[in-house]
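Chemist: Those letters in the sequence shown? Residues 36 to 157, by my numbering.
Okay, here's the structure, questions in a sec.
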Amino acid sequence: MNEEEPAARPWWEWPAQWFRDDSFWRDVAARSLATLVAGGLAYLFALGSGYISRPETAELIRGLLIALIPLVIVYVAYLAFRHVLGKLAPRPRVVVAVALVPVLGLVAWLLSDAVISIVAGL
Numbered sequence: 036m037n038e039e040e041p042a043a044r045p046w047w048e049w050p051a052q053w054f055r056d057d058s059f060w061r062d063v064a065a066r067s068l069a070t071l072v073a074g075g076l077a078y079l080f081a082l083g084s085g086y087i088s089r090p091e092t093a094e095l096i097r098g099l100l101i102a103l104i105p106l107v108i109v110y111v112a113y114l115a116f117r118h119v120l121g122k123l124a125p126r127p128r129v130v131v132a133v134a135l136v137p138v139l140g141l142v143a144w145l146l147s148d149a150v151i152s153i154v155a156g157l
């Protein structure tokens, strides 16, 4: 059997290859879930043994909003990014992607900072 080995890619193309690989995303999801479970168990242990006190309901809601709002903003920026890039040919797509990533990152950061400041003031 003569199977062709994939050509060795330069190191700067590795992240692009990882992002297209399904096993990479399964690994990221599994590790994130494991971290959440371990953190939740550690929190419950600390709460049960008296190391930390139970938060007030308003503080809990405020903390959830502070955690979730930046994620929503980044997801909306991602959708806008995909919408813009989906309409372009491959070569201009790279140029627009390189230009839009810092711009969308800055907008997401400013929006999340403003919303977090508003929520923290409640």
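All C-beta atoms in this analysis are idealised placements derived from N, C-alpha and C, irrespective of residue type, glycine included.
Predicted model, so just to flag it, every value in this text is computed and none were measured.
Inspect the beta-carbon positions of residue 155 and residue 97 and report whether they are closer than 8 Å.
Modeler: In this structure, residue 97 lies closer than 8 Å to residue 155 by Cβ.
Chemist: Where does residue 125 sit, in a helix, a strand or coil, going by DSSP?
Modeler: Three-state DSSP puts residue 125 in a helix.
Chemist: Would you report the Cα separation of residue 62 and residue 152, rounded to the nearest angstrom?
Modeler: The straight-line gap from Cα to Cα measures roughly 34 Å.
Chemist: Write down the C-beta distance between residue 146 and residue 108 rounded to the nearest angstrom, noting that I regard them as a contact closer than 8 Å.
Modeler: 5 Å between Cβ atoms; contact.
Chemist: So, helix, strand or coil for residue 51, using DSSP?
Modeler: Helix, per DSSP.
Chemist: Using DSSP with H/G/I as helix, E/B as strand and the rest coil, what is residue 101?
Modeler: DSSP places residue 101 in helix when its eight states are reduced to three.
Chemist: Output needed for residue 128: all residues of its chain with C-beta closer than 6 Å, excluding positions within five of it in sequence on either side, in chain order.
Modeler: Closer than 6 Å at the Cβ level, and outside the excluded window around residue 128, lie 120.
Chemist: Specify whether the region 137-146 and the region 70-90 touch according to this definition: at least 3 beta carbon pairs, one from each stretch, less than 8 Å apart.
Modeler: The region 137-146 is not in contact with the region 70-90.
Chemist: May I ask you to report which of helix, strand or coil DSSP gives residue 113?
Modeler: Here residue 113 sits in helix by DSSP.
Chemist: In whole angstroms, what is the alpha-carbon distance linking residue 55 and residue 65?
Modeler: Residue 55 and residue 65: Cα-Cα distance of roughly 17 Å.
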